[in-house]
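The numbers in the UniProt record's numbering rise by one with no breaks, and the one at position 456 of the sequence shown is 456. C-beta atoms are modelled at their ideal positions from N, C-alpha and C, and glycine is treated no differently.
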Amino acid sequence: MNSYDDDQLKLITSIENDDIGTAIEICTTRFDKKFLQPVGVLRVTIVQLAAWQGNIELLQLLYENGADINATDKIGRCALFHAAHHGNCEVVNWLLEHGASTENRVGVDSCYKNTRSPSNLCFIGQNLPTPECWGRTPMHQAVKNNHAAVVKILVEAGADVNAEDERGITPLLLAGTAIVKEDFNEISKFNDIVEILVAAKASTNVIDPNTGTTVLHTATSLGSCSATKRLLNGGAWPLYQCKGTGSTPLHLAASTGNPEALSILLESIPSCDIDIRDNINRTPLHRAAYQGHHECVRILIDHGGNLGAETNTGITVIDAIFAHIPTPVLFLNDILSSRVKMSSVESSVENSQITIDFNVLAPKGELQMGVVTSLIAAASNVEQLTILQHPLVETFLWLKWSKLRVFFFSLVFVHALLVFSLSGYSITILQYETDCGLLRRILSSCSCVLFLHNVVQVLMVPRYYLRQYETWLSFTCAAISLTISMGNAYRSEITASSGEKELHDARQPLQWMLHSISLAILLAWMQMMLLIGRLPMCGYYALMFSTVLKNILKVLLAFVCLIVGFAFSFAVLFHGNDQFRNSWRAVVKTVVMMMGEYEYGALFSDEKNGSSFLPATSRVVFLAFVMLASIVLMNLMIGLAVNDIQGLEKEGHIRQLLKQAEFVAHLERLVLTSHRIFRRNWLHPRLARLLDSRRGIPTKITFCYHERYFHESSLGVPARLREALFLLALGNSRDTERRENNNGDDNVELKALLEEVLLQLRVPYYPSAMRKFSVPYNARTQTGQRKIANQ
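Next up, the structure:
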């Protein structure tokens, strides 16, 4: 190796090792023009190495000796590229002042010949930064590495802020991709970079070809409010969906849990797009709830987010809230309470106006009962269902029932016609031996209407209605009634041309007809009972009946072996008695005897029965039956029934509201949905107007507290609900005043009063069945009103 090669190697090594003194000494005493030539496999120059190390004195010395500032290596890197990557502002300024080009792009230079370098120089420049993509400029590197000061220098020098690399990525699209949101210093630099580039007219909507995201996605992921606001002001798309997941910046802001950034985004999008879906139908509300960000959930709901929105797997927002938000019932109660506000406060509290906003329960463009139905489906126990007792929910259900009850009473009227026509028709057949054509036609018409009603509701929501026993009961009743009417109509046509003898025989009802009529009458009246139980005033009693019936059936099922055992034993002991002649009669007689109908004298009468029973054994078994079945088992069932009723006093109101909500949702789906049957042009205009008028309730109502003003706009809301709504509105108003006045003192008396009232709202209000609860509730609320009015 000659002295030139030795000096060149020593110079390059000293620069790479940051031994600037040795490098300067070589350049000043033994400098050779050949030192400026590129070396190594990558054809790196010492100017690039000096720029990477950031020594201006050495760069000045090399420049004075004729170094080319814009010289590039084999892959197109220049000195400015390395200085920008390293973030050295002084070096960048020096290079720009000495003619460095801001538009040099990295890329393989085919002009370089495959010249061989000494083996000890082959690995020179291996530690220099390599580009991620061809076509990158110094601006790309400065933005990528979050060097805000360098970016500002390059922009002032006229660098192209919209320069695209080989994949079409601009510098702004690289901003923030190499930092984490926990590093506040780096986030501040990122904000500065966004501000500089957007101010320089950088395009804010360039899309990453790999992820399909924009720089606004990055800003919201990092939770940068400043960058988000600046990008939106620069024309960024707030609802652009990336290719991979379909997520928008709104989804990402909800996931990261930054309320400020989320609020900024919501201000720039229309309210109709608040529930934009990603690839699996998740809304921003889903994303916020999954991460447990309750404040973001609250903000999205305030802007109209739909709590009933479903993903592809059927998960609603309320499901996610119950699964991931701490204390979900309290959280939802707080959300609902905030929808009751005092719109104006007059000199007298009783004359204040209350504004109730139902948008949280009835989002636009959705079934108004969709949120309540999702709430019922998501609640896993009675404690979570207590949210149905919130005054806002209960008022909503009352108003929906008031709108839809006309269809309910129409259904009751049709069923009543069926019941009375079927009962009257059976009487005319059995007692008068005649076929009343009018009653038969009414029965046929009502049966067809009810059958069609059941078919429609099963077609609309098959999974739900096929699991309801009331659907099968109504189906069976309508089918049997229709069969009876059609069968008798056919017989009437045949007997019209028959002789007198055949006519007399035809008047006698057939056996299968009698069996069918008996079953149809029983099922029809049972269905009538269930329909009447749907009325709000009768809901508690229907609930008591169904609960007691279920538990008695469970007890009978548990002790059926005891009953069957006694029945077969009695069939042997009283083998001569007609009532125990076969097994079926024995079981029926045994069940009747459980009710106290023993007929002891008839069973053990020697004169009448002779040797029809076994004297000693029969009395022992009969005594055991009286003790076990008649006394123990019957008192057990009575005790369970009483216990069930006492338990219903605690949760009966919740169950009643649950049944009412389910039935109102059923009516809404059946009559007022956008099902295709109601979109037909053959609907009469009056019927179409009726459906439109009953399609929904106003999502915002205002009424005065004092009772004499209720005729204006209270829509028949019960007094107990008005009182509860007034207390909520007044509490919210006082809280708002305290926050505005920065008064941190809690109003202990008002808070205790509101807690007591909300607790009392969980107690059912039934004037006849539960009078002992209604009096204390009214007394407490009146006392509360006087206390609040005196404040």
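Asked: In terms of alpha-carbon separation, which member of L197, N104, I169, S203 lies closest to H147?; Found: L197
Asked: Out of R467, Q141, A79, point me to the one whose CA is closest to A163's CA.; Found: Q141
Asked: Using the C-alpha atoms, what's the distance from R405 back to L397?; Found: 12 Å
Asked: I'd like to confirm the pairing. Which residues does DSSP put opposite K341 in its beta bridges?; Found: T355
Asked: Would you call the CB atoms of T283 and I269 closer than 9 Å?; Found: no
Asked: State the Cα-Cα distance for the pair A159 and A67, rounded to the nearest angstrom.; Found: 23 Å
Asked: Where in the stretch 395 to 442 do unbroken runs of the alpha helix (DSSP H), each at least 4 residues long, occur, reported from the N-terminal end onward?; Found: none
Asked: Determine the extent of the beta strand (DSSP E) in which C225 is found, giving its start and end residues.; Found: Counting along the chain, C225 falls outside any beta strand (DSSP E), though it belongs to the alpha helix (DSSP H) covering 225 to 233.
Asked: Leaving aside the five residues before and after M537 along the sequence, list all residues of the same chain whose C-beta is less than 6 Å from its C-beta, in chain order.; Found: none
Asked: Given T213, which residues of its chain have a CB within under 6 Å of its CB, disregarding the five upstream and five downstream residues?; Found: C242
Asked: Compute the beta-carbon to beta-carbon distance between L523 and T476, rounded to the nearest angstrom, for a pair I have assumed lies under 8 Å.; Found: 6 Å
Asked: Assign E132 to one of three DSSP states: helix, strand, or coil.; Found: coil
Asked: What would DSSP say about T115, mapped onto helix, strand or coil?; Found: Because T115 sits at a pLDDT of 49, beneath the cut-off of 50, its placement in the model cannot be relied upon, and the following sentence gives the value as read from the coordinates. Residue state, collapsed to three classes: coil.
Asked: Drop a sphere of 10 angstroms on the beta-carbon of E607, count the other beta-carbons inside from all chains shown, and report buried for 16 or more, exposed for fewer.; Found: Reliability fails at E607, whose pLDDT of 47 lies under 50, so the model's placement of it is uncertain and the value that follows must be treated cautiously. The residue in question, E607, is exposed, as its Cβ has fewer than 16 Cβ neighbours within 10 Å.
Asked: What is the rounded straight-line gap between the Cα of E383 and the Cα of L557?; Found: 29 Å
Asked: Give the C-beta separation of L482 and V555 to the nearest angstrom, bearing in mind that I take them to be a contact with Cβ-Cβ under 8 Å.; Found: That pair is no contact at about 37 Å.
Asked: In whole angstroms, give me the CA-to-CA distance for A724 and A323.; Found: 29 Å
Asked: State the Cα-Cα distance for the pair V393 and L667, rounded to the nearest angstrom.; Found: 17 Å
Asked: Going straight from the alpha carbon of M770 to that of A542, what length do you get?; Found: A caution first: M770 carries a pLDDT of 38, below 50, which makes its placement in the model unreliable, though a value can still be read off. For M770 and A542, the distance between alpha carbons rounds to 15 Å.
Asked: Since T316 sits in a beta bridge, which residues does DSSP pair it with?; Found: E310
Asked: Rounded to whole angstroms, what is the Cα-Cα separation between G696 and Q660?; Found: 16 Å
Asked: Using three-state DSSP, classify V592 as helix, strand or coil.; Found: helix
Asked: Give the secondary structure of V44 by DSSP, where H, G and I count as helix, E and B as strand, and everything else as coil.; Found: strand
Asked: How about the stretch 617 to 624 and the stretch 563 to 576: do they share at least three Cβ pairs that are nearer than 8 Å?; Found: yes
Asked: I'd like the span of the beta strand (DSSP E) that includes C538, first residue to last.; Found: Per DSSP, C538 belongs to no beta strand (DSSP E) and is neither H nor E.
Asked: Pull the bridge partners of K700 from the DSSP assignment, please.; Found: D357
Asked: Since L262 and I299 are thought to touch, with beta carbons under 8 Å apart, how far apart are those beta carbons, to the nearest angstrom?; Found: 6 Å
Asked: Apply the 10 Å Cβ neighbour rule to I15 and answer buried if 16 or more other Cβ atoms are within range, or exposed otherwise.; Found: buried
Asked: If you follow the alpha helix (DSSP H) that K144 is in, where does it begin and where does it stop?; Found: 138 to 144
Asked: Considering only residues of the stretch 165 to 226, which uninterrupted alpha helix (DSSP H) runs meet the minimum length of 4 residues and lie entirely inside it, listed in chain order?; Found: 171 to 174, 184 to 199, 215 to 222
Asked: For A378, I'd like the list of residues in its chain whose CB is within less than 6 Å of its CB, leaving aside the five on either flank, ordered along the chain.; Found: I318, D319, F322
Asked: Measuring only the C-alpha atoms, how far is N381 from I207?; Found: 47 Å
Asked: Taking the alpha carbon of A288 as the point to measure from, which residue in L307, V91, T72, C272 has its own alpha carbon closest?; Found: L307
Asked: To the nearest angstrom, how far is it from the Cα of A455 to the Cα of Q468?; Found: What sits at residue 455 in the sequence shown is Val, not Ala. If I take the Cα positions, the gap works out to 13 Å.
Asked: Would A200 pass as a contact of V161 if the rule is Cβ separation under 9 Å?; Found: yes
Asked: Under three-state DSSP, which class holds V632?; Found: helix
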